[in-house]
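Sequence positions in the sequence shown follow our numbering and run 92 to 222.
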Amino acid sequence: MSKHKKKTTTSFQPMGWYYMCKNDITVDEIHDAISEIADKEGYQLEVWKEAGVVEVEIEEKKSMDIEQCELDLGDEFSNDYLQAYGVKTLFYIAFAPDIYDKCEPLLKRLVSNPGGKICADTEDFTPEIGQ
Numbered sequence: 092m093s094k095h096k097k098k099t100t101t102s103f104q105p106m107g108w109y110y111m112c113k114n115d116i117t118v119d120e121i122h123d124a125i126s127e128i129a130d131k132e133g134y135q136l137e138v139w140k141e142a143g144v145v146e147v148e149i150e151e152k153k154s155m156d157i158e159q160c161e162l163d164l165g166d167e168f169s170n171d172y173l174q175a176y177g178v179k180t181l182f183y184i185a186f187a188p189d190i191y192d193k194c195e196p197l198l199k200r201l202v203s204n205p206g207g208k209i210c211a212d213t214e215d216f217t218p219e220i221g222q
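1) Got a sec? Which residues, its chain only, sit under 7 Å from ILE116 by beta carbon, not counting five neighbours each side?
2) For TYR183, write down the residues that DSSP places opposite it in a beta bridge.
3) Alpha carbon to alpha carbon, how far is MET51 from ALA175?
4) Could you say which of LYS193, VAL138, LEU164, PRO188 lies nearest to ASP215 if we only look at CA atoms?
5) Measure the C-alpha to C-alpha separation of ALA142 and LEU136 and round it to an integer number of angstroms.
6) Mark LEU162 as exposed unless 16 or more other C-beta atoms lie within 10 angstroms of its C-beta, in which case mark it buried.
7) Thinking C-beta only, is ILE157 closer than 8 Å to ILE190?
8) Between the alpha carbons of HIS122 and PHE168, how many angstroms are there, rounded?
So this is what it looks like as structure tokens:
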């Protein structure tokens, strides 16, 4: 019997992400950007324009919510980061970490079109997806 235990690796998956875009974009543009992938995967999309929200139902009772938010994150470091990157539109993306693999193609689509980057809701905005 071996005294060595198998090493298990886990990757950190935050529950929240920021979608940072250098352009002014709307929830309709987000919907249009991800609708092809969502349709292909059988995900349901719903848009609430007045609230600035796109909801992607990934599984029953599990969704990815994309919500427009203010360009003030409440602290100097975060706001300097937004300014340095030239963010004009900011969205908060929330989903359970266990559906990350299903959400990742949607996140990557946003990064490629309409563009920008997606950063974890962590002290230093890492990990990061995109430019």
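Don't be surprised by glycine CBs; every beta carbon is placed ideally from N, CA and C.
Based on what the coordinates show:
1) In the sequence shown, counting from the first residue as 1, residue 116 sits at position 25. Only THR180, PRO205 meet the Cβ criterion.
2) Counting from 1 along the sequence shown, the entry for residue 183 is found at position 92. Among the bridge pairs identified by DSSP, TYR183 is matched with TYR109, GLU158.
3) What is shown of the chain runs 92 to 222, which leaves residue 51 out entirely.
4) Here residue 215 refers to the residue found at position 124 when the sequence shown is read from its first residue. Nearest of LYS193, VAL138, LEU164, PRO188 to ASP215, Cα basis: LEU164.
5) The residue labelled residue 142 in the question sits at position 51 within the sequence shown. The residue labelled residue 136 in the question sits at position 45 within the sequence shown. ALA142 and LEU136: Cα-Cα distance of roughly 15 Å.
6) Along the sequence shown, one-based indexing puts residue 162 at 71. Under the 10 Å beta carbon count, LEU162 is surrounded by fewer than 16 other beta carbons and is classified as exposed.
7) Indexing the sequence shown from 1 puts residue 190 at position 99. Indexing the sequence shown from 1 puts residue 157 at position 66. Remark: C-beta atoms of ILE190 and ILE157 do not approach each other more closely than 8 Å.
8) Locating residue 122 in the sequence shown gives position 31, where the first residue counts as 1. Locating residue 168 in the sequence shown gives position 77, where the first residue counts as 1. Between the C-alpha atoms of HIS122 and PHE168 there is a straight-line separation of about 30 Å.
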